[in-house]
Structures are given as C-alpha cells and as structure tokens.
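Working notes, structure below.
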Amino acid sequence: MAEIVNACGFLSQVDPQGRARLLAMASYHQFPKGKLIFRQDEPCPGVYIVGDGRVRIYKVGPSGKEHVLHLAGPGQTFAEVAAIGGFACPAFAEAIEPTDCVLLPSAPFKRELDERHQLCLQIIGGLTSWVRQLVGLMEDLVLRDATSRVARYLLNTLGSREASVKLPSLKKHLASHLNLTSETLSRSLRRLEEAELIERTSDGRLRIADPDGLEDVSVGKAPRF
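Under the numbering used here, the very last position in the sequence shown is 247; numbers go up by exactly one each time.
Pasting the structure below:
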C-alpha cells in the first residue's frame, strides 16, 4: 500500500510522517472490471487512491444518459472532496478495468485533518492541483477543438514516452469525458497516429511517440489539425 500512497499526486505535499499516519488507517481493495464501487447519494466511504487500473466517475441525467466527469488512473484519487466535506457521493464510480485501490476511510481521515493542522494545509495543497485540472478541463471543452482535447488528455494522462494506455476499455468513456462522439474521438486518434505523434504498441496499447508535437497540437500550434 505504501507504494500506491507514495505515488499519489493528491498527497504529494504530505510529509513522511503524515503519510505514515494515513497508511495506518488505509485498506487495500481490488475491483473487477464492471464493479460499481459506489452509487450517487450513498455515504462517502473515503478517499480512494488508484494503484493500477482505471475508474470512471460519472453522473446519470434525467433521461438516463451518462456523462463521465473523471477517469481516475494510477496515482490519481476520487471521492476526495466528498470525504473532506463530509457529504454523500456526488456521482457513481465504476471500475472499467481490473483495478486496485487504497482507501483512506472518511471518519479517521477527517479526524486527522481536524487534529493535525499541518496535514490539513498539505492536503489543501493537493486540492488546489485538482482545481487547476478542473479549470483546464473547462478550458479544453470551451476553447479547444476535438483533436486538441484528445492531445491534451493524452499528455496529462500518459505524460511520457514510457507510459501507455489500453484504449478499448477506455474509448467510449473518454469520448463522454471530453464531450465528443465516439466517431469524433476515433477520427482525432487516427489523425494523431497518421502524424506519428502517437503509436500503437504490439499489444494494442497507445503510446506517445512525439511529446513536443503532441503538445503543439494541444495548444493549437499545429494548423494541419
């Protein structure tokens, strides 16, 4: 569990003593693909940290249409705001791949924040990074075209030449998250592949081939897209 906690961006500003205290309350969970981790309006179990796999956080509209708010992958968290605020789960969470998580239970986690001022400040630092990501997503949805959105997502999710992602389990959820149709997402990925900015590995995963070129697309510096 320590490896998962230490790789968590949300806890990146927490000092070793604080992490040790969080580990003391933590529990390890494995979820098969398709497992519903929690439902909207249920009491929040706590802060989940993804070790491996991927979880979609989604809302269901009055018509039954689903919209993906967040795709949490390795090193990322979900349900953190509900756990800190002490309110019910604001959305559904489902494992879209076999996923392992560390859970920091709500009650002891909040108690640590109440009793340890320094830890509280460090957690707030992690929350500010999450807010910046949300602002970036809103900017993408409003100001960027489809291919730029996809490029930005891949850069933020993969981040390097070594990282890769398996698309079949992710594709339709990624389209919803970026407010695209599946067809538009497929066209955008094809354009990026044809430009040799991304490539598929022998096992069908997607890898960044040209980070600088992909960055140019993400900020609108590549007119051919």
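Beta carbons are placed, not taken as given, at the ideal position from N, Cα and C, and that holds for glycine.
Look up residue 113 in the DSSP assignment and say whether it is helix, strand or coil.
-> Along the sequence shown, read from residue 1 onward, the residue named residue 113 stands at position 91. Here residue 113 sits in coil by DSSP.
Tell me, to the nearest whole angstrom, how far the beta carbon of residue 236 is from that of residue 173; I am working on the premise that it is less than 8 Å.
-> For the purposes of this step, residue 236 is taken as the residue at position 214 of the sequence shown. For the purposes of this step, residue 173 is taken as the residue at position 151 of the sequence shown. Sure, about 5 Å apart at Cβ, within 8 Å.
Counting only runs that start and end within the region 41-119, where is the alpha helix (DSSP H) found for 4 or more residues in a row?
-> 102-107
Expressed to the nearest angstrom, what Euclidean distance is found between the alpha-carbon atoms of residue 233 and residue 121?
-> As a working note, residue 233 is residue 211 in the sequence shown. As a working note, residue 121 is residue 99 in the sequence shown. Cα to Cα, the separation comes out at about 27 Å.
Report the option in 193, 52, 62, 223 whose CA atom is closest to the CA atom of residue 209.
-> Residue 209 sits at position 187 when you count from the first residue of the sequence shown. When only C-alpha atoms are compared, the closest one is 193.
If you draw a straight line from the alpha carbon of residue 152 to that of residue 62, how long is it in whole angstroms?
-> For the purposes of this step, residue 152 is taken as residue 130 along the sequence shown, with counting starting at 1. For the purposes of this step, residue 62 is taken as residue 40 along the sequence shown, with counting starting at 1. Between residue 152 and residue 62, the C-alpha separation is close to 20 Å.
Segments of 3+ residues assigned as beta strand (DSSP E) that fall wholly inside the region 201-247 = 220-222, 227-230
Beta-carbon gap between residue 157 and residue 105 smaller than 7 Å | On the sequence shown, residue 157 is found 135 positions in, with the first residue counted as 1. On the sequence shown, residue 105 is found 83 positions in, with the first residue counted as 1. Against a cut-off of 7 Å, the Cβ pair of residue 105 and residue 157 comes out as no contact.
Selection from 131, 146, 99 that minimises the alpha carbon distance to residue 46 | As a first step, residue 46 must be located in the sequence shown, where it is residue number 24. Per the Cα distances, 131.
Residue 37 - DSSP class collapsed to helix/strand/coil | Here the question's residue 37 lines up with position 15 in the sequence shown. Reduced to three states, the DSSP call for residue 37 is coil.
Euclidean distance between Cα positions of residue 49 and residue 204 = The residue given as residue 49 occupies position 27 in the sequence shown. The residue given as residue 204 occupies position 182 in the sequence shown. Looking at the two C-alpha atoms, the distance is approximately 36 Å.
Specify, as a first and last residue, the run of the beta strand (DSSP E) that residue 126 falls within.
-> By 1-based counting over the sequence shown, the position of residue 126 is 104. Residue 126 -> beta strand (DSSP E) spans 121-127.
Quick one: Cα of residue 226 to Cα of residue 188, how far?
-> Locating residue 226 in the sequence shown gives position 204, where the first residue counts as 1. Locating residue 188 in the sequence shown gives position 166, where the first residue counts as 1. One C-alpha to the other measures close to 7 Å.
Within 10 angstroms of the Cβ of residue 239, are there 16 or more other Cβ atoms? Answer buried if so, exposed if not.
-> By one-based count along the sequence shown, residue 239 stands at place 217. Flag for residue 239 reads buried.
Residue 34 classed as buried or exposed, judged by whether at least 16 other C-beta atoms fall within 10 angstroms | Along the sequence shown, read from residue 1 onward, the residue named residue 34 stands at position 12. Residue 34 comes out exposed.
In or out: residue 107 buried (at least 16 other Cβ within 10 Å) or exposed?
-> Here residue 107 refers to the residue found at position 85 of the sequence shown. It counts as exposed.
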